[in-house]
Amino acid sequence: MPESRETQDTQTSETVEELKLAAVAALDSAESEEQLEIWRVDFMGRKGRLTGLLRGLGGLEIDERKIVGAAANRLRGELEVLFEGRVSQSRSTQTPVGSIDITLPGRKPSLGGLHPSTQVVREITQAFNEMGFQTVEGPEVELEKYNFDMLNIPASHPARDMFDTFWVDSDTHDDILLRTHTSPMQARVMESNDPPIRVVVPGKCYRYESTDATHEWQFNQIEGLAVDEGITFADLKGTLYEFARRIFGPSQKVRFRCDYFPFVEPGVDMSIEWKGDWLEIMGAGMVHPKVLENAGYDSTKYTGFAFGMGPERISMLRNEIADIRHFFANDLRFLTQF
Ligand code: DAH
Numbered sequence: 262m263p264e265s266r267e268t269q270d271t272q273t274s275e276t277v278e279e280l281k282l283a284a285v286a287a288l289d290s291a292e293s294e295e296q297l298e299i300w301r302v303d304f305m306g307r308k309g310r311l312t313g314l315l316r317g318l319g320g321l322e323i324d325e326r327k328i329v330g331a332a333a334n335r336l337r338g339e340l341e342v343l344f345e346g347r348v349s350q351s352r353s354t355q356t357p358v359g360s361i362d363i364t365l366p367g368r369k370p371s372l373g374g375l376h377p378s379t380q381v382v383r384e385i386t387q388a389f390n391e392m393g394f395q396t397v398e399g400p401e402v403e404l405e406k407y408n409f410d411m412l413n414i415p416a417s418h419p420a421r422d423m424f425d426t427f428w429v430d431s432d433t434h435d436d437i438l439l440r441t442h443t444s445p446m447q448a449r450v451m452e453s454n455d456p457p458i459r460v461v462v463p464g465k466c467y468r469y470e471s472t473d474a475t476h477e478w479q480f481n482q483i484e485g486l487a488v489d490e491g492i493t494f495a496d497l498k499g500t501l502y503e504f505a506r507r508i509f510g511p512s513q514k515v516r517f518r519c520d521y522f523p524f525v526e527p528g529v530d531m532s533i534e535w536k537g538d539w540l541e542i543m544g545a546g547m548v549h550p551k552v553l554e555n556a557g558y559d560s561t562k563y564t565g566f567a568f569g570m571g572p573e574r575i576s577m578l579r580n581e582i583a584d585i586r587h588f589f590a591n592d593l594r595f596l597t598q599f
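The sequence shown begins at 262 in the numbering used here and counts up by one.
What follows is the structure, encoded as C-alpha cells:
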C-alpha cells in the first residue's frame, strides 16, 4: 500500500541517517588506536551495524532497496574516509613511549641581531650623544608645513623638485606626505623648545623615485641641529670633524665645499677622504635666519648649524656594500654578515 510503503521508506532511510550520527559521534570520541579499532569492528566489521543494516535491505521492496542501499553504501565510503583520517591523526600526535633520546646533542638556537641600518644609526647617534646632542625622533607621516614651508621651501620653490614626494593622497596633493628627509624635526624641535638646542634625529625617510645601486625609495637619515647664542661656522666644522674622527678613525681627513640647501645659509657638503677619493657624506650649514624666525626664534640673537646624512651610505662605505637595496631586501645572507 502506498501509504505504508512511504512510512517504511522514510523509516529505513532515517535508520541510515541515525547510523551515520551514531557512527560519527562514536568516532569523534574514540581517543586511542584501540578505541578506533573497537569502533571499526562495531560499525564497519562483518557483524557490525552497517553490515546489519545492509543485510536488512533484503526485506524491502526492490525500489526502496535501491534507494536505501545506495545511501548505505555512500555512508560506508564516508565513514571509511573519516576513519582513515582519525587513524593517521592519532598516529601523528602520539609520542611513542621511549622515543626520546636524551643523548642526542642539542642544536644551538640561532640568535637574532640588530639590523645593519640600526647598528650604524646607533653608532652615529651615540657619537653625537657623547658630544652633548640628545636623540629625538619624529613622525614619518608629516605635514607639508614642517617638511617644506617652515624650512624655507614654499610651494612654488624649485627646491621642492629635489624631494620627490610621496603624498598620502596622490590625487589631491593634500598637505600630508611621507617625510622626504628628517629636517622637518628642526622646525618641530625649535617650535616646542627654547635654546640652547642640541639634537640628533634618526629616522626613516621616503622618496618617490626609481631605485638603483645608490638610491632607495626608503632609507634612514640622521639630522642634527644646534642653536644657541653665538654659534658660528667654526662650531659646525669642529663638531662634524670630530664626528668623522669618531666614526672613521682618528686620522680621518674631511673637506667642506659650498652647496645649496634652502634651510641653511651658507650651505656646505662634507666629504671624507676615502681610498684616494673624496666622497660626500652629508649636507650641512648655518641655520637660515628665516627658519629660525619661522619657529619663533629671534634670528638677531640666536644662530645655529644643522646637518643631515644617510647612515646606510656610511655603512656602505665602511663595509664595501655595493648596493643600497641590500639593506631593505631582507635577505638573511646579507643581514647575518653584520
Ligand atoms: N635634508 C637634506 C636632504 O635630505 C640634508 C641636509 C642638508 C640636512 C643640509 C641639513 C642640512 O640639516 O643643513 O637632502
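Even glycine gets a Cβ: it sits at the ideal position worked out from N, Cα and C.
Under the three-state reduction of DSSP output, G569 falls in the strand class. When beta bridges are read from the DSSP output, T564 appears opposite D489. The alpha-carbon separation between E391 and V382 amounts to approximately 14 Å. Excluding its 5 nearest sequence neighbours in each direction, E526 has C-beta neighbours in its own chain below 7 Å: G546, M547, H549, listed in chain order.
Around the beta-carbon of T441, 16 or more other beta-carbon atoms lie within 10 Å, marking it buried. A direct Cα-Cα distance of roughly 14 Å separates T426 from P445.
Within the same chain, and ignoring the five residues on either side of F389 in sequence, the residues whose Cβ sits closer than 6 Å to its Cβ are V461.
Of all C-beta pairs linking the segment 367 to 375 to the segment 455 to 475, fewer than three are shorter than 8 Å, placing the two stretches out of contact. Distance from the CA atom of P572 to the CA atom of G557, rounded to whole angstroms, is 31 Å.
Of all alpha-carbon atoms in I582, P457, R594, the one lying nearest the alpha-carbon of Y563 is that of P457.
The beta carbon of K465 sits closer than 7 Å to those of E401, Q479, N481, all from its chain and outside the five residues before and after it, given in chain order. Counted as a single uninterrupted DSSP element, the alpha helix (DSSP H) harbouring L336 occupies residues 323 to 354. Linking I323 to L311 through their CA atoms gives a straight-line distance of about 19 Å. Note that the C-beta distance between G393 and E484 is not below 7 Å. In the three-state reduction of the DSSP assignment, R518 falls in the strand class, which pools E and B. DSSP places T396 within a strand segment (E or B) once states are collapsed to three.
Boundaries of the alpha helix (DSSP H) harbouring I385: 377 to 391, taken from the DSSP string. Counting C-beta atoms within 10 angstroms of its own C-beta, S512 has fewer than 16 neighbours from the protein chains shown and is therefore classed as exposed.
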